[in-house]
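Undergrad: Mind the numbering: the sequence shown is residues 4 to 305 in my numbering, read in order.
All C-beta atoms, glycine included, are put in the ideal place defined by N, C-alpha and C.
Here the structure is a predicted model, which is why all the values come from computation and not from measurement.
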Amino acid sequence: MKDCRVVKLCGKKHFVYDGSEIFPAFPAGRFELKSEGLKNRLAVGDLVKVRIEKGKDPLIVEILKRKNKLSRKMSFSNKEHIIAANIDEVGIVVAPDPILKRNTVDRFVVACKSASIESFLIINKTDILTKRDIEKFLTPYKEIGFKIFLVSALKKEGFDQLSSHIKDKWTLLIGHSGVGKSSIANILCPDANFEIGEVDEATLKGKHKTTSSTAVKLPQGGFLIDTAGLREFGLYNITQREIQSCFKNIDELSLKCKFSNCTHRNEKGCAVLEAISKGTIDLEEYNSYLTLIREANDTPKG
Ligand SMILES: Nc1nc2c(ncn2[C@@H]2O[C@H](COP(=O)(O)OP(=O)(O)OP(=O)(O)O)[C@@H](O)[C@H]2O)c(=O)[nH]1
Ligand SMILES: [Mg+2]
Ligand SMILES: [Zn+2]
Numbered sequence: 004m005k006d007c008r009v010v011k012l013c014g015k016k017h018f019v020y021d022g023s024e025i026f027p028a029f030p031a032g033r034f035e036l037k038s039e040g041l042k043n044r045l046a047v048g049d050l051v052k053v054r055i056e057k058g059k060d061p062l063i064v065e066i067l068k069r070k071n072k073l074s075r076k077m078s079f080s081n082k083e084h085i086i087a088a089n090i091d092e093v094g095i096v097v098a099p100d101p102i103l104k105r106n107t108v109d110r111f112v113v114a115c116k117s118a119s120i121e122s123f124l125i126i127n128k129t130d131i132l133t134k135r136d137i138e139k140f141l142t143p144y145k146e147i148g149f150k151i152f153l154v155s156a157l158k159k160e161g162f163d164q165l166s167s168h169i170k171d172k173w174t175l176l177i178g179h180s181g182v183g184k185s186s187i188a189n190i191l192c193p194d195a196n197f198e199i200g201e202v203d204e205a206t207l208k209g210k211h212k213t214t215s216s217t218a219v220k221l222p223q224g225g226f227l228i229d230t231a232g233l234r235e236f237g238l239y240n241i242t243q244r245e246i247q248s249c250f251k252n253i254d255e256l257s258l259k260c261k262f263s264n265c266t267h268r269n270e271k272g273c274a275v276l277e278a279i280s281k282g283t284i285d286l287e288e289y290n291s292y293l294t295l296i297r298e299a300n301d302t303p304k305g
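1. Determine the DSSP secondary structure at residue 155, reduced to helix, strand or coil.
2. Under DSSP, the beta strand (DSSP E) around residue 25 begins and ends at which residues?
3. Please name the residue, chosen from 142, 146, 163 and 234, that lies closest to residue 182 on a Cα-to-Cα basis.
4. Could you tell me which residues DSSP pairs with residue 76 in its beta bridges?
5. Would you tell me roughly how many angstroms separate the C-alpha atoms of residue 40 and residue 244, rounded to the nearest one?
6. For residue 160, which of helix, strand or coil comes out of DSSP?
7. Residue 2: buried (16+ other C-beta within 10 angstroms of its C-beta) or exposed?
8. Among 46, 62, 38 and 10, which residue has its Cα nearest to the Cα of residue 52?
9. Which two residues bound the contiguous alpha helix (DSSP H) that contains residue 251?
10. The alpha helix (DSSP H) with residue 135 in it runs from where to where?
11. Tell me whether the beta-carbon of residue 34 lies closer than 8 Å to the beta-carbon of residue 45.
12. Classify residue 107 as buried or exposed, calling it buried when 16 or more other Cβ atoms lie within 10 Å of its own Cβ.
13. Within the same chain, show all residues whose beta-carbon is closer than 6 Å to that of residue 272, passing over the 5 residues directly before and after it, in chain order.
14. So who's on the other strand from residue 244, going by DSSP bridges?
15. For residue 64 and residue 13, I'd like the C-alpha separation in whole angstroms.
16. Taking the Cβ atom as the reference point for each residue, do residue 300 and residue 217 lie within a distance shorter than 8 Å?
17. Is it the case that the segment 140 to 153 contacts the segment 181 to 198, given that we only count it when at least three CB pairs across the two stretches are under 8 Å?
18. Heavy atom of ligand 1 less than 7 Å from the Cβ of residue 80, yes or no?
19. Have a look at the DSSP bridge pairing and note the partners of residue 51.
20. Can you name the residues that DSSP bridges to residue 122?
21. Between the alpha carbons of residue 175 and residue 228, how many angstroms are there, rounded?
22. In terms of residues, what are the limits of the alpha helix (DSSP H) holding residue 107?
23. Count Cβ pairs between the segment 109 to 120 and the segment 153 to 167 that sit closer than 8 Å; are there 3 or more?
24. Taking just the CA atoms, how far does residue 4 sit from residue 56?
25. Can you look up residue 102 in the DSSP assignment and give me helix, strand or coil?
Put into structure tokens, the structure is as follows:
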């Protein structure tokens, strides 16, 4: 029996790493059983026991207890999709193309925090951003002490610090389709050869390409996981309180709300709504919060 780690899920043939090489292994039947509410039993990053017998395919027979997992809720089916497990850090990638908006980052910040996984920000495509736009966008994240890396995969700029930051860790790159995760991964790991979305001639925007998560070995030590082209990332099993705790200003003001279970939408004596009417709270922060609490598992409809 060998201790291995899953680096790629690929239909029935997965790929595992045993500390020196990567080879295919097949999940034992019970890991393929369809389960209510769960898309995948095995996830990239899982620590597994692999049975190796002469003349037979290597078989994944056991999944070890996870230290963490990052999941999303799939649209339509509402199933849990485990994107990766046993992660040291998540790099949330954002770019002006397709969109540079608070909510696209906050959604991932909330998911990581609720999964107790450290996260940091990577702003890509700085070649098409002005310094002013970058500063404006980053101010709230700097205030809460977020680690931030500014890069341009196109110009291969800004990668030295990022590269040393992810050394010896299992880092997951996450972010909307087209922000440049695979382009970044190919620079950090030149052997990776991830497929890059082509530019759509009509809109000059990137096309969605990647369709599965894969971990690649970094030359400086550690692994980098490129995630699938996520068009939507629904919050899975996260409470209103967990969401609120990621919004510093709202969280602080909530102590002054009349009701301790205030959701800051329409309640009487709400200090957050009062701050909005006075114009002392950032509306973008509030709107981002509102969008996310609609997906909380305990928010009353309203
Ligand atoms: N201008 C500019 N374009 C970039 C940069 N990085 C990536 N792109 C382009 O953005 C598009 C999408 O890049 P990908 O790396 O495929 O994006 P992705 O996040 O992996 O997308 P999915 O796999 O669909 O999730 C491609 O057309 C890239 O050439 C950059 O730094 N600047
Ligand atoms: Mg990609
Ligand atoms: Zn309130």
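TA: Judging by the given coordinates:
1. For the purposes of this step, residue 155 is taken as residue 152 along the sequence shown, with counting starting at 1. DSSP places residue 155 in strand when its eight states are reduced to three.
2. Stepping through the sequence shown from its first residue, residue 25 is reached at position 22. Start and end: 25 to 30.
3. Counting from 1 along the sequence shown, the entry for residue 182 is found at position 179. Cα-wise, what sits closest to residue 182 is 234.
4. Here residue 76 corresponds to residue number 73 of the sequence shown, with the count starting at 1. Per DSSP, 83 and 237.
5. On the sequence shown, position 37 is the one that residue 40 refers to. On the sequence shown, position 241 is the one that residue 244 refers to. Taking the straight line joining both Cα atoms gives about 24 Å.
6. In the sequence shown, counting from the first residue as 1, residue 160 sits at position 157. Note: residue 160 maps to strand in three-state DSSP.
7. An answer regarding residue 2 cannot be provided, because it is not within the stretch 4 to 305 covered by the chain.
8. The residue labelled residue 52 in the question sits at position 49 within the sequence shown. Each of 46, 62, 38 and 10 was checked against the Cα of residue 52, and the nearest Cα belongs to 62.
9. As a first step, residue 251 must be located in the sequence shown, where it is residue number 248. Per DSSP, residue 251 belongs to the alpha helix (DSSP H) from 251 to 256.
10. By 1-based counting over the sequence shown, the position of residue 135 is 132. 134 to 146 is the extent of the alpha helix (DSSP H) around residue 135.
11. Counting from 1 along the sequence shown, the entry for residue 34 is found at position 31. Counting from 1 along the sequence shown, the entry for residue 45 is found at position 42. Contact flag set, yes.
12. Sequence index remark: in the sequence shown, residue 107 carries index 104 (1-based). Buried, because 16 or more other Cβ atoms sit within 10 Å of the Cβ of residue 107.
13. Within the sequence shown, numbered from 1, the residue matching residue 272 stands at position 269. Same-chain partners within the cutoff: 261.
14. Reading the sequence shown from its first residue, position 241 is the one you call residue 244. The partner list for residue 244 (beta bridge, DSSP) is empty, contrary to what the question assumes.
15. To locate residue 64, count along the sequence shown from 1; it is residue 61. To locate residue 13, count along the sequence shown from 1; it is residue 10. Cα to Cα, the separation comes out at about 17 Å.
16. The count along the sequence shown starts at 1 and reaches residue 300 at position 297. The count along the sequence shown starts at 1 and reaches residue 217 at position 214. No, the pair does not count as a contact, with Cβ atoms beyond the cut-off.
17. no
18. Looking up residue 80 in the sequence shown gives position 77. Every heavy atom of ligand 1 is 7 Å or more from the Cβ of residue 80, so no.
19. Within the sequence shown, numbered from 1, the residue matching residue 51 stands at position 48. Note: residue 51 sits in a beta bridge opposite 7 and 66.
20. Within the sequence shown, the letter at position 119 stands for residue 122. DSSP lists 93 as partners of residue 122.
21. Against the sequence shown, residue 175 aligns to sequence position 172. Against the sequence shown, residue 228 aligns to sequence position 225. One C-alpha to the other measures close to 5 Å.
22. For this step, residue 107 is matched to residue 104 along the sequence shown. It spans 105 to 117 - the alpha helix (DSSP H) in which residue 107 sits, taken as one unbroken run.
23. no
24. The residue given as residue 56 occupies position 53 in the sequence shown. The residue given as residue 4 occupies position 1 in the sequence shown. Each residue's Cα considered, the two are about 9 Å apart.
25. Residue numbering aside, residue 102 sits at position 99 when the sequence shown is read from its first letter. Strand.
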